[in-house]
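Just so we're aligned, residue 27 is where the sequence shown starts under this note's numbering, counting upward by one.
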Amino acid sequence: MLAGASLDGERAEDLKKREEEEEEEAGEAEEKEEEEVKRDKQATQELRPVDDNNNDVNCGDGDEIPETAIDGLNAECDVVILQARIAAGMSLATVSKPKHASLGPIDALASPDTLYLSAKSPFCAPMINLNALQAKNSAHQQNKGSDSQVTDSQPDNQPDDSQKTTDNDMNRLARSVMALGSSSIASQARVPIPKNGVDYRGKIVLAPMVRSGELPSRLVSLKYGADLVWGPETIDRSLIGAVRRINPRNNTVEFTRVPSHPGPDAKDKVSVIYRIDPAREKGKLVFQLGTASPELAVEAAKVIADDVSGIDVNAGCPKPFSTLGGMGAALLQTPDKLISILEALVREVGRPWQIGISVKIRLLKDPKDTERLVTALCATGITGLTVHCRTTPMRPREAAIRDQLPMIASICRSAGVACLMNGDVKSRDHALELMSQYDVDGAMIATSAESNFSCFRSAADGGCVSWRELAHEYVAIAMECENKWGNTKYLLNIFLPGKDKVAQAVKSARTYTHCCTLLGFNDLLPAANKIDAILGISDRTEAGLKRSAELLGPALLASATSTATTTTPEVDIPLDSNVLRGDTLSNQITA
Numbered sequence: 027m028l029a030g031a032s033l034d035g036e037r038a039e040d041l042k043k044r045e046e047e048e049e050e051e052a053g054e055a056e057e058k059e060e061e062e063v064k065r066d067k068q069a070t071q072e073l074r075p076v077d078d079n080n081n082d083v084n085c086g087d088g089d090e091i092p093e094t095a096i097d098g099l100n101a102e103c104d105v106v107i108l109q110a111r112i113a114a115g116m117s118l119a120t121v122s123k124p125k126h127a128s129l130g131p132i133d134a135l136a137s138p139d140t141l142y143l144s145a146k147s148p149f150c151a152p153m154i155n156l157n158a159l160q161a162k163n164s165a166h167q168q169n170k171g172s173d174s175q176v177t178d179s180q181p182d183n184q185p186d187d188s189q190k191t192t193d194n195d196m197n198r199l200a201r202s203v204m205a206l207g208s209s210s211i212a213s214q215a216r217v218p219i220p221k222n223g224v225d226y227r228g229k230i231v232l233a234p235m236v237r238s239g240e241l242p243s244r245l246v247s248l249k250y251g252a253d254l255v256w257g258p259e260t261i262d263r264s265l266i267g268a269v270r271r272i273n274p275r276n277n278t279v280e281f282t283r284v285p286s287h288p289g290p291d292a293k294d295k296v297s298v299i300y301r302i303d304p305a306r307e308k309g310k311l312v313f314q315l316g317t318a319s320p321e322l323a324v325e326a327a328k329v330i331a332d333d334v335s336g337i338d339v340n341a342g343c344p345k346p347f348s349t350l351g352g353m354g355a356a357l358l359q360t361p362d363k364l365i366s367i368l369e370a371l372v373r374e375v376g377r378p379w380q381i382g383i384s385v386k387i388r389l390l391k392d393p394k395d396t397e398r399l400v401t402a403l404c405a406t407g408i409t410g411l412t413v414h415c416r417t418t419p420m421r422p423r424e425a426a427i428r429d430q431l432p433m434i435a436s437i438c439r440s441a442g443v444a445c446l447m448n449g450d451v452k453s454r455d456h457a458l459e460l461m462s463q464y465d466v467d468g469a470m471i472a473t474s475a476e477s478n479f480s481c482f483r484s485a486a487d488g489g490c491v492s493w494r495e496l497a498h499e500y501v502a503i504a505m506e507c508e509n510k511w512g513n514t515k516y517l518l519n520i521f522l523p524g525k526d527k528v529a530q531a532v533k534s535a536r537t538y539t540h541c542c543t544l545l546g547f548n549d550l551l552p553a554a555n556k557i558d559a560i561l562g563i564s565d566r567t568e569a570g571l572k573r574s575a576e577l578l579g580p581a582l583l584a585s586a587t588s589t590a591t592t593t594t595p596e597v598d599i600p601l602d603s604n605v606l607r608g609d610t611l612s613n614q615i616t617a
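Below, the structure written as structure tokens:
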């Protein structure tokens with residue numbers, strides 16, 4: 027009995043001692059937490075923008091920065107332009123951000139003209155006054171004329187091209203937030219965005235288009251302001267077994283394979299089925315997959331997962347080449363299969379490669395069926411869902427139906443999945459209006475982009491360029507990418523004006539040299555000659571010019587080429603590795 031009582035006493039003493047230790051640890055933790063809160067609050071106060079008299083500038087009530095986070099800045103940027111002290115007339119502050127650093131989130135709007143950046147990141151300033159930013163941008167535009175007259179005595183501290191690009195990104199972000207307000211971008215729940223993935227929220231993107239979504243189209247779209255680009259749908263079986271290689275002439279990544287029935291010509295024995303620019307498309311490219319099998323989808327996605335920021339499953343294409351194989355819009359009739367495909371991709375590709383998996387669908391006739399489908403898809407682990415606002419039987423000439431969008435957006439938001447809309451979106455400015463009206467996270471442009479890729483540039487930045495400027499830009503980049511002439515010609519025929527006789531003659535062009543001659547792009551002729559030789563089509567030019575003379579008449583043909591010669595200086599452009607850059611060529615036509 028005495029031994030038992032002694033043992034019980036020891037246990038009670040040990041228990042009391044442990045309780046005291048736990049209370050002490052809890053007290054220390056509470057003190058530490060209070061210290062952190064105090065330190066964060068002090069840091070927030072120190073980061074608040076002030077004027078020259080140390081007064082707060084456009085601050086909201088209270089000291090707390092809202093916790094609702096939205097994405098808007100590209101985390102891949104090396105330099106982020108932030109407004110650290112943002113009274114009118116104050117300059118932008120440039121903050122270098124190491125690649126390994128995590129960019130702080132942008133927080134909800136405190137007022138219609140004020141955007142807060144989270145003070146949790148040392149790389150973010152707390153506030154951007156959007157009105158001041160726009161005023162400064164307008165003043166910059168007005169002073170452009172005088173700036174262009176600066177001679178070689180210009181100071182060395184002028185912003186470089188990367189600085190200008192980031193300025194444009196920030197200005198575009200500012201206008202987007204002004205147009206959208208806080209409610210349509212902010213999302214309470216949020217599926218985590220993988221490390222190598224990209225968030226679709228707040229983005230205006232290029233739609234996946236067969237033939238019209240090849241590399242030149244994507245690069246021109248990005249140049250004119252597309253936030254992300256989808257490549258053309260690629261069937262799983264065509265990618266499985268493809269060989270990845272680097273083109274030494276332009277450093278693009280090419281996926282090639284031997285055709286099932288190669289022609290007698292040696293050049294036909296290997297075909298490029300997908301081409302990527304790893305520099306300019308980094309963090310911007312989403313690969314769209316055509317599939318009807320979870321196993322084949324995973325096998326194909328693994329081939330390209332290292333080179334893209336996301337895999338998107340096509341569940342909306344109504345064309346027979348997709349639906350007859352059970353792919354595209356046919357998957358809307360087999361939702362269990364579609365769900366299995368997405369779950370397999372998330373599990374076996376998305377997580378291991380740390381990229382996002384998404385899906386593009388069409389509306390179902392009954393909104394209740396659409397609601398059930400979207401709810402099920404959002405539960406698969408996808409990061410984004412795009413809805414084409416037409417049903418499967420509808421053709422592009424029929425107006426998009428948008429009455430189901432608010433319901434779809436609400437479901438996606440509840441699940442933390444980004445919701446993009448597609449269908450009759452005309453431009454960046456139109457996209458922002460629709461995003462605000464229907465409370466969706468982003469918008470996808472297809473037909474309007476196909477007609478003029480500069481539709482991604484807002485009116486405030488200059489809007490769409492002329493067909494001649496666009497044609498010059500597109501042809502230059504197409505040659506740089508070694509794009510097949512047939513594909514380049516296909517796109518040119520879409521956005522060149524049909525009534526222009528020279529543009530009509532381009533339809534008969536058989537080579538890049540022929541095309542550049544007709545359009546008067548003499549500065550591109552040296553590169554065109556070399557590209558034609560690489561593609562093995564140089565011998566077609568002479569016959570093509572004879573055909574053009576028949577269509578235009580010798581006098582009009584001579585006039586077209588000689589007139590343009592006076593406006594586009596001839597420049598010898600060697601076609602060596604990494605030298606035929608679209609940005610350089612685009613500047614030459616405006617010189």
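Backbone N, C-alpha and C fix where the C-beta goes; we use that ideal spot for every residue, glycine too. Remember, predicted model here, so these are calculated numbers, not experimental data.
Annotation for residue 349: 355, 356 place their beta carbon closer than 6 Å to its own, counting only its chain and skipping 5 residues before and after.
The shortest C-alpha to C-alpha distance from residue 278 to any of 303, 295, 297 is the one to 303. Rounded to the nearest angstrom, the Cβ distance from residue 229 to residue 468 is 4 Å, consistent with a contact under 8 Å. Only exposed fits residue 347, as fewer than 16 other CB atoms lie within 10 angstroms of its CB. Rounded to the nearest whole angstrom, the C-alpha separation of residue 331 and residue 522 is 35 Å. Comparing C-alpha distances from residue 325 to each of 382, 264, 296 shows the shortest one belongs to 264. The beta carbon of residue 353 sits closer than 7 Å to the beta carbons of 316, 317, 318, 340 from its chain, once the five residues preceding and following it are set aside; these are given in chain order. In this structure, the alpha-carbon of residue 515 lies about 29 Å from that of residue 351.
The distance from the Cβ of residue 396 to that of residue 434 is about 7 Å, consistent with a contact at the 8 Å cut-off. In this chain, the alpha helix (DSSP H) harbouring residue 500 covers 493-506.
With 16 or more neighbouring CB atoms inside 10 Å of its own CB, residue 258 falls in the buried class. The segment 473-486 makes contact with the segment 438-454; the number of CB pairs closer than 8 Å reaches 3 or more.
The Cβ neighbour count for residue 314, taken over all protein chains shown within 10 Å, is at least 16; the residue is labelled buried. Annotation: the continuous beta strand (DSSP E) that includes residue 384 extends over 382-389.
Of all alpha-carbon atoms in 481, 463, 410, the one lying nearest the alpha-carbon of residue 442 is that of 410. A Cβ-Cβ separation of about 28 Å leaves residue 466 out of contact with residue 496 under the 8 Å criterion. Remark: C-beta atoms of residue 563 and residue 505 do not approach each other more closely than 8 Å. Pairing residue 307 with residue 245, the inter-Cα distance amounts to about 8 Å. A Cβ-Cβ separation of about 14 Å leaves residue 384 out of contact with residue 365 under the 8 Å criterion. Taking the CA atoms as reference points, residue 489 sits about 35 Å from residue 390.
By the Cβ-count criterion, residue 483 is buried, with 16 or more other Cβ atoms from all chains shown falling within 10 Å of its own Cβ.
A Cβ-Cβ separation of about 18 Å leaves residue 438 out of contact with residue 426 under the 8 Å criterion.
Residue pairing by DSSP puts residue 300 in a beta bridge opposite 281. Within the DSSP bridge table, the entry for residue 402 names no partner. Counting of Cβ neighbours within 10 angstroms places residue 526 among the exposed residues, the total staying below 16.
Listed in chain order, the non-local C-beta contacts of residue 342 below 6 Å within the same chain comprise 355, 386, 387, 388, 414, local neighbours out to five positions each way being set aside. One thing to note: residue 238 has its Cβ within 8 Å of the Cβ of residue 517.
Residue 268 places its beta carbon less than 8 Å from that of residue 282. Note on geometry: alpha-carbon atoms of residue 398 and residue 436 lie some 13 Å from one another.
Residue state for residue 411 is assigned as strand, using DSSP reduced to three classes. In chain order, 386, 446, 448, 470 place their CB closer than 6 Å to the CB of residue 412, counting only its own chain and leaving out the 5 sequence neighbours on each side. The beta carbon of residue 507 sits closer than 7 Å to those of 241, 242, 276, 278, 301, all from its chain and outside the five residues before and after it, given in chain order.
Closest in alpha carbon position to residue 359, among 542, 344, 369, 373, is 344. Scanning its chain for C-beta atoms nearer than 8 Å, with the 5 sequence neighbours on each side dropped, one finds around residue 368 the residues 339, 383, 385, 403, 406, 407, 408, in chain order.
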